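Visitor:
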Amino acid sequence: MDSDGTHDARGTHADRVPRPAGPPRVPPRPTQAPGGPPRPDGSAFLSWLRTPRPDAAPGVWRFGHRPRPEVEPEQIPARQLLSGALIAFLCGWLLCSLLWNGYLGGFWQWPWQVLAPESWVLGEAGAVGGAASYIYSGLVFFGIFAFLGKIGRWSEVWRRYGPPAWRRAAPVDDRPPTPEEDPAQWNALRAAGAVDAAERLGSDARAGLMRDVDHARITRAWEGVRSGRHSLATFTGAVLREGAAACLHPSGDRDLPGRLAQHDLVTGQVRLGTTADDPRNPYAYRGTGMALGPELLGTSLLAVGPAGSGKTGGVVWPLVESLCLHALAGRAAVVVVGAAGAGLGPVDAYDVVVRVGNPESVYDIDLYGGTTDPDEAAAVLAEALVGDLADPHPSGESRRSTTVLAQLLGPYRAVYGRFPSVPELRQLLDGAPGPLGALRKALTDGGQESLLRELDARERQLGQPGDLGGVLADRVALLDRPAFAGFFDTSGQTRPFSLRALDHPVRVRIDLPQRGHADASRILSRLVLAQFAASVAVREDRSLFACLVLDDATGVVTPEAVRGIQRLRSANAGVVMTLRTLDDAPRPLRSPLLGAIGCRVALSGLTPWDGQDFAEVWGKEWIEARDVTDRQIIAETPAGKAVHMLRRVITGNAPTARAVTVRQVERERWSASELAHAVPPGHAVLSLTSVRGEHAPPLLVDLRNPGN
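Each number in the numbering used here corresponds to the 1-based position in the sequence shown with 57 added.
#1: Can you tell me the Cα-Cα spacing of residue 433 and residue 327, whole angstroms?
#2: Is the beta carbon of residue 330 sitting closer than 7 Å to the one on residue 598?
#3: I'd like the list of long-range same chain contacts for residue 534, defined as Cβ closer than 7 Å, with 5 residues on each side in sequence excluded.
#4: How long is the line joining the alpha carbons of residue 762 and residue 325, rounded to whole angstroms?
#5: So what's residue 749 in DSSP terms, helix, strand or just coil?
#6: Please name the residue in 521, 573 and 282 whose C-alpha comes closest to that of residue 538.
#7: Check whether the region 551–568 and the region 498–508 touch, using three or more Cβ-Cβ pairs below 8 Å as the test.
#8: Taking C-alpha atoms, which residue in 123, 519, 102 and 117 lies nearest to residue 109?
#9: Output needed for residue 617: all residues of its chain with C-beta closer than 8 Å, excluding positions within five of it in sequence on either side, in chain order.
#10: Going by C-alpha distance, which of 654, 536 and 487 is nearest residue 519?
#11: Please list the segments of the alpha helix (DSSP H) lying wholly inside the region 439–504, counting only runs of 4 or more residues, in order along the chain.
#12: Measuring straight from C-alpha to C-alpha, what distance separates residue 83 and residue 378?
#13: Indicate whether the contact test is met: 3 or more Cβ pairs, each with one atom in the region 723–743 and one in the region 651–666, closer than 8 Å.
#14: Buried or exposed: where does residue 684 fall if 16 or more other Cβ atoms within 10 Å of its Cβ makes it buried?
#15: Find the nearest neighbour of residue 316 within the set 323, 673 and 376, judged by alpha-carbon distance.
#16: Is residue 304 near the ligand PLP, going by C-beta to nearest heavy atom under 6 Å?
#17: Where does residue 757 land, buried or exposed, given buried means 16+ other C-beta within 10 angstroms?
#18: Relative to the alpha-carbon of residue 149, which residue among 208, 136 and 656 has its alpha-carbon at the smallest distance?
#19: Three Cβ pairs or more, each shorter than 8 Å: is that satisfied between the region 355–369 and the region 127–142?
#20: Examine the Cβ distances between the region 545–555 and the region 413–431 and report whether three or more of them are shorter than 8 Å.
#21: Below 8 Å, can you find three or more Cβ-Cβ pairs linking the region 622–630 to the region 348–357?
#22: So residue 430 is in the alpha helix (DSSP H); what residue range does that whole segment cover?
#23: Just list the residues that DSSP pairs residue 679 with in beta bridges.
#24: The beta strand (DSSP E) spanning residue 544 covers which residue range?
#25: When burial is assigned at 16 or more other CB atoms within 10 Å of the CB, is residue 89 buried or exposed?
#26: Since residue 409 and residue 554 should fall inside the 8 Å C-beta cutoff, what is the C-beta to C-beta distance between them, to a whole number of angstroms?
#27: So, is residue 308 buried or exposed, given that buried needs 16 or more other C-beta atoms within 10 angstroms?
#28: Buried or exposed for residue 679, please, with buried defined as at least 16 other CB atoms from any protein chain shown within 10 angstroms of its CB.
#29: Are residue 248 and residue 271 close, meaning C-beta to C-beta below 7 Å?
#30: My assumption, with CB atoms under 8 Å, is that residue 262 sits in contact with residue 241. Please give the rounded CB distance.
#31: In terms of alpha-carbon separation, which member of 637, 631, 641 and 713 lies closest to residue 746?
#32: Alpha carbon to alpha carbon, how far is residue 473 from residue 604? Give it in angstroms, no decimals.
#33: May I ask which residues mark the beginning and end of the alpha helix (DSSP H) holding residue 604?
#34: Starting from residue 656 and walking both ways along the beta strand (DSSP E), at which residues does that stretch end?
#35: Determine the extent of the beta strand (DSSP E) in which residue 567 is found, giving its start and end residues.
#36: Out of 690, 205, 153 and 442, which one is the CA nearest neighbour of residue 710?
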């Protein structure tokens, strides 16, 4: 079945969308459900599927989550609570004993003597009067113990140490839900008339043949049926024929070679860590799992921290692993850009691996993004070549660079039917007379008058002061190196990968040559980001989440890149970027970058200067400040002076009176000093924003504790 374009991805635009490397692999029979031990049946998978996932605040790990109150309840120390309860009981017992034995008189029996019949009071009614007298005494004593129990907080002792606490600590029984509420029954399929398909899927789940990726993939295919992209008959036939293996990803994979993070594909979340039990975190978040999903990554994410702070291992790789699982489920397309050997997962976890500068690379990278429009190709290429040289504020420099390239790309494509290769483009920008003369002759012979005017304008600008052709040629020269001789080919002899393939759930990794080619790597990173922003904006099917992961975004932050990131949210796409320091971005662009990105992560080891930028974007909050003042007490009488002298001898301090002033003040949520010095190693402070506009305040998260 064509599941949301996944099954036909290898045959669509064969010249631009490469096939996954190798034949489809048939995975072994699954014997383990997510998070559970190997079992011969599907009990672990069913237990995982039936686990409640209540709605929660942004970033909270919803799998088995137990909501907490918004405000921290008053917590009395255990010693004080138990001693107070015991003292209240002893006082009640003593008071009741004194009343019963008449040591305090008989005043407490006055209501009984007034309201009860005289025969009951005098004891003439026999057993009835005696029983009523005992009932009255019991009510009085009960009232005394109820009053003292309230003072002694017996109800709190009951909640903290009684059966309610035992029930909370006891494991929850795995009681099967009702058929109407059981997700393993596939009630949505039954309601639509696909009863046979629901029975087949339920049977595979109970037999241990289904895993979390299968469930997510089939659910995604069913969403395609409901939206009208696929027919019910085709879906039902595929499920009856293949069961849990229906609607496979084009690679044939049903899971990744291995997992390091904890995932929940029902909610789409991946768990990064645990929110610290810190007073600076809101009480509702303390001790809960911290997780991210497409609904948060759709606002893009920026992680800043020095080398060794955990950017790749603690943030980037779990997100990449989650996005690859989403791609196998037909929900997402992911492109990962990083240095070779950066720890971005095994080759088997991807469909396409582009190793720029490696002669053994099967795939190439399309320098022009798969477009046939010279103006679009010129705009993207200009951003990649000289985007970092443009003024952070809108100006004519970027437009001039685009114009220079368009003046050459348009005529060249009209003559040769393709765009120039890197050496040919370098010669044209340098103004080499041979290539320009041949291009002019071909245009003249073909009667291309409008394109001849473009070429004439380019030749007039050559050598003029302020001409950008030389700057562009110098940047193109960084790609015209022997190490890249077999790459960026436009003759059709290689297998170039184009970001136009993001209409399909493809997994792509691009390895950049960092050693000796740092400038070229930055150009390629800007090129991929520009092509990504241009491609996702024109996708026909935006239900597929697209994400670009830049493991090192040094030199990538440009004015056009910031504007492109702002537009990704409406295209159901996002970018994940990491920086060692905000100094790797131009100073005028730091605030716009932090403002354009919804999820911000400050890892341990941040500099105070970087911390100041985060503190400004996170803003301030109103808190209750308590000012305590100790004032010395001056005794006026001889007895008072004697008492004060005695207290000074015993305590060593003069008698004082304490005055407490409570006021509302505005304070930074996290100050620059706290971000630089108060974030422990392995921790991070992150704030989140969902695509629906929901916010999570800056939270201190332990990345070393991802949960069980």
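For glycine and all other residues, C-beta sits at the position ideal for the given N, C-alpha and C.
Being a predicted model, the structure only gives us computed values, none of them experimental.
Guide: With the given structure in hand:
#1: For the purposes of this step, residue 433 is taken as the residue at position 376 of the sequence shown. For the purposes of this step, residue 327 is taken as the residue at position 270 of the sequence shown. Roughly 36 Å separates the two Cα atoms.
#2: For this step, residue 330 is matched to residue 273 along the sequence shown. For this step, residue 598 is matched to residue 541 along the sequence shown. Not closer than 7 Å, so no.
#3: The residue you call residue 534 lines up with position 477 of the sequence shown. Excluding sequence neighbours, residue 534 sits near 483.
#4: In the sequence shown, the residue the question calls residue 762 occupies position 705. In the sequence shown, the residue the question calls residue 325 occupies position 268. Going by the C-alpha atoms only, they are around 20 Å apart.
#5: On the sequence shown, position 692 is the one that residue 749 refers to. Collapsing the DSSP output to three states places residue 749 in coil.
#6: Taking the first residue of the sequence shown as 1, we reach residue 538 at position 481. It is 573.
#7: no
#8: On the sequence shown, position 52 is the one that residue 109 refers to. Of the candidates 123, 519, 102 and 117, the residue whose Cα lies closest to the Cα of residue 109 is 123.
#9: Numbered from its first residue, the sequence shown carries residue 617 at position 560. Result list for residue 617: 440, 444, 447, 455 and 587, in chain order.
#10: By one-based count along the sequence shown, residue 519 stands at place 462. Nearest C-alpha to residue 519: 487.
#11: The alpha helix (DSSP H) runs of length 4 or more contained entirely in the region 439–504 are, from start to end of the chain, 454–473, 479–487 and 490–503.
#12: Locating residue 83 in the sequence shown gives position 26, where the first residue counts as 1. Locating residue 378 in the sequence shown gives position 321, where the first residue counts as 1. A caution first: residue 83 carries a pLDDT of 33, below 50, which makes its placement in the model too unreliable to give a value.
#13: The region 723–743 vs the region 651–666: in contact.
#14: As a first step, residue 684 is located in the sequence shown; it is residue number 627 there, counting from the start. By the neighbour-count rule (16 or more Cβ atoms within 10 Å), residue 684 is not buried but exposed.
#15: Along the sequence shown, read from residue 1 onward, the residue named residue 316 stands at position 259. When only C-alpha atoms are compared, the closest one is 376.
#16: Absent from the structure shown: the ligand PLP. Ligands present: none.
#17: As a working mapping, residue 757 is identified with position 700 in the sequence shown. Buried: at least 16 other Cβ atoms inside 10 Å.
#18: As a working note, residue 149 is residue 92 in the sequence shown. The option with the nearest alpha carbon to residue 149 is 208.
#19: no
#20: The answer is yes - the region 413–431 touches the region 545–555, with three or more Cβ pairs under 8 Å.
#21: yes
#22: Counting from one through the sequence shown, the residue named residue 430 turns up at place 373. Taken as a continuous stretch (DSSP letters only), residue 430 belongs to no alpha helix (DSSP H), as it is neither H nor E.
#23: As a working mapping, residue 679 is identified with position 622 in the sequence shown. For residue 679, which the question treats as bridged, DSSP gives the partners 723.
#24: Locating residue 544 in the sequence shown gives position 487, counting from the first residue. Looking at the DSSP string, residue 544 is not in any beta strand (DSSP E), and its letter there is neither H nor E.
#25: Reading the sequence shown from its first residue, position 32 is the one you call residue 89. With a pLDDT of only 42 at residue 89, under the threshold of 50, the placement of this residue in the model should not be trusted; the figure read from the coordinates follows. The residue is exposed, with fewer than 16 neighbouring Cβ atoms inside 10 Å.
#26: In the sequence shown, residue 409 corresponds to position 352, counting from 1. In the sequence shown, residue 554 corresponds to position 497, counting from 1. Yes, they are in contact, since the Cβ atoms of residue 409 and residue 554 sit about 6 Å apart, within 8 Å.
#27: Walking along the sequence shown from the start, residue 308 turns up at place 251. Per the 10 Å Cβ criterion, buried.
#28: Here residue 679 refers to the residue found at position 622 when the sequence shown is read from its first residue. Exposed: under 16 other Cβ atoms inside 10 Å.
#29: Translated into positions along the sequence shown, residue 248 becomes position 191. Translated into positions along the sequence shown, residue 271 becomes position 214. No, Cβ-Cβ distance for residue 248 and residue 271 is not below 7 Å.
#30: Locating residue 262 in the sequence shown gives position 205, where the first residue counts as 1. Locating residue 241 in the sequence shown gives position 184, where the first residue counts as 1. About 5 Å separates the CB atoms of residue 262 and residue 241; that is less than 8 Å, so the two are in contact.
#31: Mapped onto the sequence shown, residue 746 falls at position 689. With distances taken between Cα atoms, residue 746 lies closest to 631.
#32: Here residue 604 refers to the residue found at position 547 when the sequence shown is read from its first residue. Here residue 473 refers to the residue found at position 416 when the sequence shown is read from its first residue. Roughly 34 Å separates the two Cα atoms.
#33: As a first step, residue 604 is located in the sequence shown; it is residue number 547 there, counting from the start. Not the alpha helix (DSSP H): residue 604 falls in the beta strand (DSSP E), residues 602–607.
#34: By one-based count along the sequence shown, residue 656 stands at place 599. Its beta strand (DSSP E) spans residues 656–660.
#35: Within the sequence shown, residue 567 is the residue found at index 510, counting from 1. First-last of the beta strand (DSSP E) with residue 567: 564–569.
#36: The count along the sequence shown starts at 1 and reaches residue 710 at position 653. Ranking the options by Cα distance to residue 710, first place goes to 690.
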